[in-house]
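Please read the structure below before turning to the comments.
Protein chains: 2
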Amino acid sequence: MPLPATMRPSAGKLTIDSSFKASLSGTPDARLEAALARFTAQLSRQTGIPMFANKDAAARLRVECASPGGEAPKLGENEAYTLDVTADGATLKAPGRAGVLHGLATFAQLVTLGDQGYEVAAVHIEDQPRFAWRGLMLDSARHFMPLAVVKRNLDAMAAVKLNVFHWHLSEDQGFRVESKRYPKLHEQGSDGMFYTQAEIRDIVAYASDRGIRVVPEFDIPGHTTAWMVGYPELGTNPGPYEIGRKWGVYENALDPSREETYTFLDNFFEEITPLFPDLYFHIGGDEVVAKQWNASARVQAWAKEHNLKDAHAIQAYFNTRVQKLLQKRGKVLIGWDEVLHPDLPTDIVVQSWRGQKSLAEAATKGYRGILSWGYYLDHLSPAKFHYRVDPMSGDADRLTPEQAARILGGEACMWAEYTTSETVDSRIWPRAAAIAERLWSPAATVDVESMYARMAVVSRELEWTGVQHRANYAPMLDRMTGGAPVEPLRVLADAVEGLGLSPRARAAKYTSLTPMNRMADAARPESESVYALELAAAKVAADPKGSTAEAAALRTAFTRWAANDARFQELAAGNPLLAELKPVSKDLAALGNAGLALLDGKSAPDGFAAELTRMERPNAELSLAATRPVKILMNAGRK
Amino acid sequence: MPLPATMRPSAGKLTIDSSFKASLSGTPDARLEAALARFTAQLSRQTGIPMFANKDAAARLRVECASPGGEAPKLGENEAYTLDVTADGATLKAPGRAGVLHGLATFAQLVTLGDQGYEVAAVHIEDQPRFAWRGLMLDSARHFMPLAVVKRNLDAMAAVKLNVFHWHLSEDQGFRVESKRYPKLHEQGSDGMFYTQAEIRDIVAYASDRGIRVVPEFDIPGHTTAWMVGYPELGTNPGPYEIGRKWGVYENALDPSREETYTFLDNFFEEITPLFPDLYFHIGGDEVVAKQWNASARVQAWAKEHNLKDAHAIQAYFNTRVQKLLQKRGKVLIGWDEVLHPDLPTDIVVQSWRGQKSLAEAATKGYRGILSWGYYLDHLSPAKFHYRVDPMSGDADRLTPEQAARILGGEACMWAEYTTSETVDSRIWPRAAAIAERLWSPAATVDVESMYARMAVVSRELEWTGVQHRANYAPMLDRMTGGAPVEPLRVLADAVEGLGLSPRARAAKYTSLTPMNRMADAARPESESVYALELAAAKVAADPKGSTAEAAALRTAFTRWAANDARFQELAAGNPLLAELKPVSKDLAALGNAGLALLDGKSAPDGFAAELTRMERPNAELSLAATRPVKILMNAGRK
């Protein structure tokens, strides 16, 4: 995953043992040598077999790279590769470094446990991406994400062939980059949680080694409260400003009417742009609230003078100025939908959070664009929802080929209001892998069941890249029990799913100081075990007599749910982190009992349908996923 | 854990929330400020509550350090502290930096989940260590341990107040330090897996920040094959030499008869000793095989010339020379038992792997010593075994106070033949915490059941330091199933225990290239869940009628064991990593059935006692821990 463009299995298999070795031919390239070493180390973790530079071993995997190319990955570079695996060995050929990296990622996924040990089944693969821009945006501003979190996510990105790391670095709630020119930005705007310039360079190099471009985002002129804590003169209002603690859209915006604002940005870009070698530089530009501009006599007088009739025109003026500042440093501006305005040159890139329509509109007007609407990971939607969003569907369908070519790809977005460094991996993975497949694989790759089956495998394998999306679960549950045996909590946790931004924002007044230690934080966005039960329930519903194994699996789960509540209530007594879960646990028990009745061919208890509808609504900022398989059985019974 | 010297609970409790802040008074000290920041960050992980430098909050924990002291921690420094917690706040006072670090570690352990949220119960603690030398030895040579592994173990050491990191850096199987003077040491002796000098400095600084001394070990004159791969002239035999792949004691030894050997060591020490600021420098000196020395005409002629009557005398001569080389660089020699010889000055330190007798003998002769016999973690003995070993018991009992004062403490030893970076944390933790308590807490702290109860809590809390002793379990089981549902394997895994060096060495021909991906690697040294069942079984045996909860817990476990085999056998079909476990799973089912019969007041099946004896023997390099609770019930039935 992502599924290769073409893949032809053949007979035989290549054995993987401690004599495994990969060798490089073609132009010598230190980065590729390092990539091979990392690849071997990962294979070693994945199999538990020690592997290291074994000088005497013959190479089992021969890598031929025609021309490794320049220092850093670039938009539009050739990412193709071919991979041939036979019983005697494997050959990976690619025109450039990117293809080699992708081919190694594919090879790692092909390694399976056979009945003789680890092996790769013989295959011929020819592969290249459908879209050139396949990104993950990480918000390091709402909650700070330590370096280690960023690095392990870069490794996971590389494993599923994502090639753009869009790094959201400033917000109302935090300014996360060290500035030597304007030190009060990070000193006063970050609560001490920022990346030094050396760390930024380290991350950029780390990403580059993995074939990943880094596109920084400094969101202006809105989302800028943290800038103004140290430099209130940047703001439209006089200030003073404090670091934002609440979520939501702030009214604060840079003052577009003062020349000093542009001088500040000019100096800031002079300092910061060299840290990020990529051509593209993101200025955000989203959700600018007009209120302060409209209320400011100074801004209004200035706008009148410049014939700027409204806030949108003011922002376009601002963006035009910013675009020129970036252009003189060789950078191309990228921004969210709102930056789209005829005054801006068509070489800018528009990132659409509003939808495919807005993306298509940009393409029609000659702008290049990427899609992020439909790829918001922080909504905690199921993978299939994201998987079904195609940048070329909807309004993009009607574009001319020339216009369609302007749609460069897409980006999964991980906004960080409701996640911390502890939980963020589990909010990104494995669902981002489904988006990665959408952006890499042929458009016809749309089978959802196949996607889920492969995603479950990839989710396990991502463990070996270091992301903690599975590993964080047990410690968080352990924490919640305060030392008591965790099993009843785990049964419940496996049956629920976390909810995303909107329901959480509705449920409680969150700030950046709110603990993120509840079930809503520990629970996965999508329950793997409930998904398996849904498949089983669908089979039982379709063929009750022929699905004995599925019925048995359902019976085991339902019995466990039914029996769990007594143990859970005992565990939850006097525990403030578990109190809100008591009714959820009761509901789970009721679902278990109803499921058992349905399996036995009885009908569900009286009034259960209404109960089920109630249970489907959020409770304790959770969705009770366990309703789904029971509902399938109930609906089947009705026919 | 370790239990403080004195501890007086009182009424009330201190609430821990996002306004928590610690402040420092007394002499300003950047290291302590950093320690406070780390402490707050860990508290934040432990509770899931965001905490960061909140300038406005009043300090809930006031830290007063009389005199932070010099750059690095030192043997014998004052490590005492007092900690007062009341509902209004806490005060930590210490004469030096070490005491502050220990007090913070204690405070972190006192944070519990109460019915209103996180809190610390009011208490007054006065604490100081029983022994000044409380170490963990890590073998980074047999299997290489990456930097991240070392760092997270240093964090865990600090959490249980261990203060010496003894770093075993060279072996027959690998030379792990970059040498600029003799680059073939690491280039040809390490398979590319070594620490650069910058990395060494980084680790030493990291340890020092956490109050931990780093004592490097370069084992000479035996255990030196890896040195001779690049420099065969160092060897007694002409070579050539290859990096050792097998375990066990090698015959290769440095040539003591050539002056060039000492020149080499002199230059080597000149380069390496400045990397390690600690006063003590470990030269190993263990297990020197006399064979090559005895067979070498050159060595024999030289020995006769120098009146060295046997290999022991030769080694003493060698050590005396080495001791002088170290002394001229301000270092004090430390070595294993074998270095003990009247020709060596009494300022050297002897580390006893042979036993308390050998330690006491050294103390009688005026040498200082530390105990490691009884603390070999790689034997995978139960924590209670280590816990019962006291450096001052046995022969040390008869020492005069002056002699007894020469026993500085002890070190847990983690030899790495049968562990890799993936499993090493689970071989060290939580059992090393029991050794840490033995070395810190008053001699009267000997209640094993209390130790186990506290160790289980500490084991969970160590998660937040980053060690992977619990987190590595699930991915390893996932790997073994090759993608199939893991639960039947987990039931089995929870019921078995890994075996240590001797049984594994007897079971198969291991080399450094052998995969470490089997159940013997994933299984814990001690099963927490079986221990809980043992306690339950003991209660049921003592009071069958009054132990209904315990009987129910046993019934649940026995039922699960009995039912697990069918599912396990299905999972194991065609899986080479699970094949060896098929009979173990059958035995577990038999134990479950016998346990159920015993609970029902029936007798165990005919011949079961003999079966049980068979099951207690190692199988698949595992111990079937599940035998223990069943045996308790069976023996109770016999009375």
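Residue numbers (my numbering), protein chains in the order written: chain A, 29 to 667; chain B, 29 to 667. C-beta atoms are modelled at their ideal positions from N, C-alpha and C, and glycine is treated no differently. Remember, predicted model here, so these are calculated numbers, not experimental data.
For the pair Ser386 of chain B and Ala560 of chain B, the Cα-to-Cα distance works out to about 37 Å.
Residues of the stretch 130-144 of chain B with a Cβ closer than 7 Å to any Cβ of chain A, in chain order: Thr140, Leu141, Asp143 and Gln144.
The straight-line gap separating the alpha-carbon atoms of Leu111 of chain A and Leu262 of chain A is approximately 54 Å.
Per DSSP, the beta bridge partners of Trp161 of chain B are B:Gly437. Within the same chain, and ignoring the five residues on either side of Leu175 of chain B in sequence, the residues whose Cβ sits closer than 8 Å to its Cβ are Tyr223, Glu227, Asp230 and Ile231. Scanning the stretch 485-573 of chain B for uninterrupted alpha helix (DSSP H) segments of 4 residues or longer gives 501-509, 515-523, 529-535, 547-550 and 556-570, listed from N- to C-terminal end.
For Lys208 of chain A, the closest C-alpha among the options A:His407, A:Leu303 and A:Arg459 is that of A:Leu303. At a cut-off of 7 Å between C-beta atoms, Leu353 of chain A does not count as an interface residue with respect to chain B.
For Phe48 of chain A, the closest Cβ of chain B is not nearer than 7 Å. Each of B:Tyr234, B:Glu525 and B:Leu563 was checked against the Cα of Glu644 of chain B, and the nearest Cα belongs to B:Glu525. The beta carbon of Phe80 of chain A falls within 7 Å of a beta carbon belonging to chain B, placing the residue at that interface. Gln74 of chain A: member of the alpha helix (DSSP H) spanning Ala58 to Thr75, first to last residue. Shown in chain order are the members of the stretch 214-236 of chain B whose Cβ falls below 8 Å from a Cβ of chain A: Asp219, Gly220 and Met221. For Asp200 of chain B, the nearest beta carbon of chain A is not closer than 7 Å to its own beta carbon. If one requires a minimum length of 4 residues, the alpha helix (DSSP H) runs lying completely within the stretch 383-433 of chain A are 384-392, 411-415 and 429-432, in chain order. Membership of Pro37 of chain B in the beta strand (DSSP E) is indicated by the continuous run Thr34 to Thr43. Below the 7 Å Cβ cutoff, chain A contributes Pro543 and Asn545 as neighbours of Ile77 of chain B, in chain order. Spatial neighbours of Tyr308 of chain A in its own chain (CB-CB distance under 6 Å, excluding positions within 5 residues in sequence) are listed in chain order as Val243, Val360 and Ile362. Around the CB of Val113 of chain B, 16 or more other CB atoms lie within 10 Å, so the residue is classed as buried. If you compare the alpha carbons of B:Ala637, B:Asn663 and B:Ala536 with that of Trp275 of chain B, the shortest gap goes to B:Ala536. A straight line joining the alpha-carbon of Glu515 of chain B with that of Thr542 of chain B spans about 26 Å. Nearest CB-CB separation between Gly602 of chain A and chain B: below the 7 Å threshold.
One thing to note: Arg455 of chain B has its Cβ within 7 Å of the Cβ of Thr447 of chain B.
Judged by beta-carbon spacing, Gln320 of chain B lies within the 7 Å limit of Glu279 of chain B, meaning their Cβ atoms are closer than that value.
Asn647 of chain A is bridged by DSSP to A:Leu650. For Gln379 of chain A, DSSP records a beta bridge to A:Trp364 and A:Ile398.
The alpha-carbon of Gly117 of chain B is positioned some 40 Å away from that of Glu578 of chain B.
For the C-beta of Ala502 of chain B, the chain A residues within less than 9 Å are, from N- to C-terminus, Glu491, Arg498, Ala499, Tyr501 and Ala502. Below the 9 Å Cβ cutoff, chain B contributes no neighbours of Gly258 of chain A, its closest Cβ being approximately 14 Å away. Interface flag for Val485 of chain A against chain B is set, since a Cβ pair is found closer than 7 Å. Under the Cβ criterion (8 Å, minimum of three pairs), the stretch 136-153 of chain B does not count as touching the stretch 459-472 of chain B.
For Leu89 of chain A, the uninterrupted beta strand (DSSP E) segment begins and ends at Leu89 to Cys93. The DSSP-derived three-state label of His130 of chain A is helix. Judged by beta-carbon spacing, Pro260 of chain A lies beyond the 7 Å limit of Phe346 of chain A, meaning their Cβ atoms are not closer than that value.
At a cut-off of 7 Å between beta carbons, Asp167 of chain A makes no contact with chain B.
The alpha-carbon of Leu405 of chain A is positioned some 11 Å away from that of Phe413 of chain A.
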